[in-house]
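**Student:** Dumping the structure here so I can ask a few things about it.
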Amino acid sequence: MTDTPDPLASFCTALPKAELHLHIEGSLEPEMMVALARRNRVAIPFRSVEEARAAYRFTDLQSFLDIYYAGADVLRTAEDFHDLAAAYFDRAAADGVTHAEIFFDPQTHTHRGVPFDAVVSGLLAAAGAAEAKHGMSVFLIMSYLRHLDEEDAFATLRMAEPWLGDLVGVGLDSSEVGNPPSKFARVFAASRDAGLKLCCHAGEEGPPDYVRQALDLIGIDRLDHGNRSLEDPVLVARLAREAVTLTVCPLSNVSLRNVDTLAVHPINRMLDLGLRATIHSDDPAYFGGYIAENFRATAQARGLSHGQLVTLARNSFLGSFLPDAAIARHLAALDAFAAGAAAATAT
Ligand code: HPA
Ligand code: ZN
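Position 96 of the sequence shown, counting from 1, maps to 228 under this note's numbering, and the rest follow consecutively.
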């Protein structure tokens, strides 16, 4: 028996796209978690790959973060970070990703005694190899943990000083409610002064006011998630007018119960409202799929057209931190892909 390829899956996989919302620690598959636990002689709360996977049922963001931080404990050496990222880049390339901007959480590691340099040097080695192997470009974004205080974020920025040329930007992640962007206004200003682009998770679980703070108090270059902006029409109009990119993560939204099911995911509404929305994978090892599966499952559940999928991919390049000439090259490749797919459908 031969498997008939699913045309929608093939389209979503081949569609050239940029990954803009991926936590590298969230790409730690249970198999690698168990292998690294063994290699580093670290105790983990799971006895097997199956037991780990069975624990991946979340009720909200915090219930996920508790498991995500526990899993990250197996990451100890530069080699571990290299292996983690190399596995992710192989998957991303197979998913049609031609440019990736990935988050990493330094404080998750430095607080356990893992040197900042081990984290970044391992990730950079894998990024360089992926550029050579897959022809994809890779940028790194250092994310501050918002459940910690601003002084800790400043200490992290100081640790990053020797590496500033290797980082494209900073982000803000972890427990959102009760930790608004305003708490980090000064460290984001210092990050901007250091030449870094600014991203914030906002409006994932937090209210529209957190999105407004990210715009007004931080001056973000890109908004991660942003779903709850939809509750505020004035904010939506502003996001559309200012062409703010929203990195939307549908499988994450369902896993963390921010959206009931994919069948009611607001991605079409976002596009209809003129928002520059894109689709990404967040923490794919935990949420049931990488970027192509996020595209495919959402397209199937919401009846997205090829045209809408191409728009989402276009938005991913427009929202990237690539130079304009590189964005133009990616958009030309995307247009060529779309024209080829349309011609194939017509025959
Ligand atoms: N939200 C906030 N913080 C995170 C996430 C997320 O989805 N994934 C990893 N850190
Ligand atoms: Zn995220």
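Think of the CB as a built atom: it goes at the ideal place given N, C-alpha and C, for glycine as much as any other residue.
(1) Using DSSP with H/G/I as helix, E/B as strand and the rest coil, what is residue 178?
(2) Name the one or two DSSP bridge partners that residue 276 has.
(3) Measuring only the C-alpha atoms, how far is residue 210 from residue 475?
(4) Do residue 311 and residue 279 count as a contact pair if the criterion is CB distance below 8 angstroms?
(5) Quick check: is any heavy atom of the ligand ZN less than 7 angstroms from the C-beta of residue 356?
(6) With distances taken Cα to Cα, identify the nearest neighbour of residue 482 among 302, 263, 202, 460.
(7) Would residue 284 pass as a contact of residue 239 if the rule is Cβ separation under 8 angstroms?
(8) If we count the other Cβ atoms within 10 Å of its Cβ and call it buried at 16 or more, is residue 382 buried or exposed?
(9) By DSSP, does residue 437 sit in helix, in strand, or in coil?
(10) Check whether the Cβ atoms of residue 165 and residue 176 sit closer than 8 angstroms, and answer yes or no.
(11) Is residue 227 buried or exposed, if buried means 16 or more other CB atoms sit within 10 Å of its CB?
(12) Going along the chain, which unbroken runs of the beta strand (DSSP E) with 3 or more residues stay wholly within the segment 209-290?
(13) Of the choices 263, 244, 468, whose alpha-carbon is the least far from that of residue 208?
(14) Any heavy atom of the ligand HPA inside 7 angstroms of the beta-carbon of residue 371?
(15) Is residue 380 near residue 411, with beta carbons less than 8 angstroms apart?
(16) If I follow the unbroken alpha helix (DSSP H) through residue 477, where does it start and stop?
(17) Spell out the partners DSSP gives residue 357 in its beta bridges.
(18) How about residue 433 and residue 378: do their beta carbons lie closer than 8 angstroms?
(19) So, at 6 angstroms on beta carbons, what are the nonlocal neighbours of residue 421 in its own chain, with the 5 sequence-adjacent residues on each side left out?
(20) Counting pairs of Cβ atoms below 8 angstroms between the segment 142-157 and the segment 447-462, do you hit three or more?
(21) Please return the same chain residues whose Cβ sits closer than 6 angstroms to the Cβ of residue 469, not counting the five positions on each side in sequence.
(22) Between the Cα of residue 396 and those of 368, 373, 436, spot the shortest distance and give me the residue it belongs to.
(23) Would the segment 179-196 count as touching the segment 222-236 if we require 3 or more Cβ pairs under 8 angstroms?
(24) Between residue 192 and the ligand ZN, is the CB less than 7 angstroms from at least one heavy atom?
(25) Out of 457, 348, 291, which has the shortest C-alpha to C-alpha gap to residue 316?
(26) Cα-Cα, which of 415, 429, 407 is closest to residue 443?
(27) Can you give the beta carbon distance from residue 336 to residue 193, rounded, assuming they're within the 8 angstroms contact cut?
(28) Using a Cβ-based criterion (distance less than 7 angstroms to any ligand heavy atom), does residue 153 qualify as near the ligand ZN?
(29) Buried or exposed: which applies to residue 329, given that a residue is buried once 16 or more other Cβ atoms fall within 10 Å of its Cβ?
(30) To which residues does DSSP link residue 150 through a beta bridge?
(31) May I ask whether a heavy atom of the ligand ZN can be found less than 7 angstroms away from the beta carbon of residue 333?
(32) Using only alpha-carbon positions, find the residue among 354, 454, 262 that is nearest to residue 225.
(33) Any idea what DSSP makes of residue 145, helix, strand or coil?
**Tutor:** Concretely, from the data shown:
(1) Numbered from its first residue, the sequence shown carries residue 178 at position 46. Here residue 178 sits in coil by DSSP.
(2) Counting from 1 along the sequence shown, the entry for residue 276 is found at position 144. Beta-bridge partners assigned by DSSP to residue 276: 304.
(3) Indexing the sequence shown from 1 puts residue 210 at position 78. Indexing the sequence shown from 1 puts residue 475 at position 343. Residue 210 and residue 475 have their C-alpha atoms spaced approximately 46 angstroms apart.
(4) What you label residue 279 is simply residue 147 of the sequence shown in a count that begins at 1. What you label residue 311 is simply residue 179 of the sequence shown in a count that begins at 1. In contact: residue 279 and residue 311 (Cβ atoms closer than 8 angstroms).
(5) Looking up residue 356 in the sequence shown gives position 224. Residue 356 Cβ: within cutoff of the ligand ZN.
(6) Given that the chain is displayed from residue 133 to residue 479, the structure contains no residue 482 and the question cannot be resolved.
(7) Walking along the sequence shown from the start, residue 284 turns up at place 152. Walking along the sequence shown from the start, residue 239 turns up at place 107. Yes, the pair counts as a contact, with Cβ atoms nearer than the cut-off.
(8) Stepping through the sequence shown from its first residue, residue 382 is reached at position 250. The residue in question, residue 382, is buried, as its Cβ has 16 or more Cβ neighbours within 10 Å.
(9) As a first step, residue 437 is located in the sequence shown; it is residue number 305 there, counting from the start. In the three-state reduction of the DSSP assignment, residue 437 falls in the coil class.
(10) To locate residue 165, count along the sequence shown from 1; it is residue 33. To locate residue 176, count along the sequence shown from 1; it is residue 44. Against a cut-off of 8 angstroms, the Cβ pair of residue 176 and residue 165 comes out as a contact.
(11) To locate residue 227, count along the sequence shown from 1; it is residue 95. Buried, by the Cβ-count rule.
(12) 229-236, 269-277
(13) Stepping through the sequence shown from its first residue, residue 208 is reached at position 76. Taking only the C-alpha atoms, the option nearest residue 208 is 244.
(14) Against the sequence shown, residue 371 aligns to sequence position 239. Incorrect: residue 371 has no Cβ contact closer than 7 angstroms to the ligand HPA.
(15) Mapped onto the sequence shown, residue 380 falls at position 248. Mapped onto the sequence shown, residue 411 falls at position 279. Taking 8 angstroms as the Cβ cut-off, residue 380 and residue 411 qualify as a contacting pair.
(16) Locating residue 477 in the sequence shown gives position 345, where the first residue counts as 1. That run of the alpha helix (DSSP H) goes 456-478.
(17) Here the question's residue 357 lines up with position 225 in the sequence shown. Answer by DSSP bridge pairing, in chain order: 334.
(18) The count along the sequence shown starts at 1 and reaches residue 433 at position 301. The count along the sequence shown starts at 1 and reaches residue 378 at position 246. No. Outside cutoff.
(19) Working through the sequence shown from its first residue, we reach residue 421 at position 289. So the list reads 383, once near-sequence residues are dropped.
(20) yes
(21) Sequence index remark: in the sequence shown, residue 469 carries index 337 (1-based). For residue 469, same chain residues with a beta-carbon under 6 angstroms away, outside a window of 5 residues either side, are 148 in chain order.
(22) In the sequence shown, residue 396 corresponds to position 264, counting from 1. Answer by Cα proximity: 436.
(23) Too few Cβ pairs lie closer than 8 angstroms, so no.
(24) The residue labelled residue 192 in the question sits at position 60 within the sequence shown. Residue 192: no, Cβ never under 7 angstroms from the ligand ZN.
(25) Position 184 of the sequence shown, counting from 1, holds the residue named residue 316. Here the closest residue by C-alpha is 348.
(26) Within the sequence shown, numbered from 1, the residue matching residue 443 stands at position 311. Per the Cα distances, 407.
(27) Sequence index remark: in the sequence shown, residue 336 carries index 204 (1-based). Sequence index remark: in the sequence shown, residue 193 carries index 61 (1-based). In this structure, residue 336 and residue 193 form a Cβ contact; the two beta carbons are roughly 7 angstroms apart against a cut-off of 8 angstroms.
(28) Numbered from 1 along the sequence shown, position 21 holds the residue referred to as residue 153. Within the chosen limit of 7 angstroms, the ligand ZN reaches the beta carbon of residue 153 through at least one heavy atom.
(29) Stepping through the sequence shown from its first residue, residue 329 is reached at position 197. Burial of residue 329 is indicated by the presence of at least 16 other C-beta atoms within 10 angstroms of its C-beta.
(30) To locate residue 150, count along the sequence shown from 1; it is residue 18. Residue 150 is bridged to 231.
(31) Within the sequence shown, residue 333 is the residue found at index 201, counting from 1. Yes, since a heavy atom of the ligand ZN falls inside the 7 angstroms radius drawn around the Cβ of residue 333.
(32) In the sequence shown, residue 225 corresponds to position 93, counting from 1. Of the listed residues, the one whose Cα sits closest to residue 225 is 262.
(33) For the purposes of this step, residue 145 is taken as residue 13 along the sequence shown, with counting starting at 1. Looking at residue 145 - three-state DSSP - the assignment turns out to be helix.
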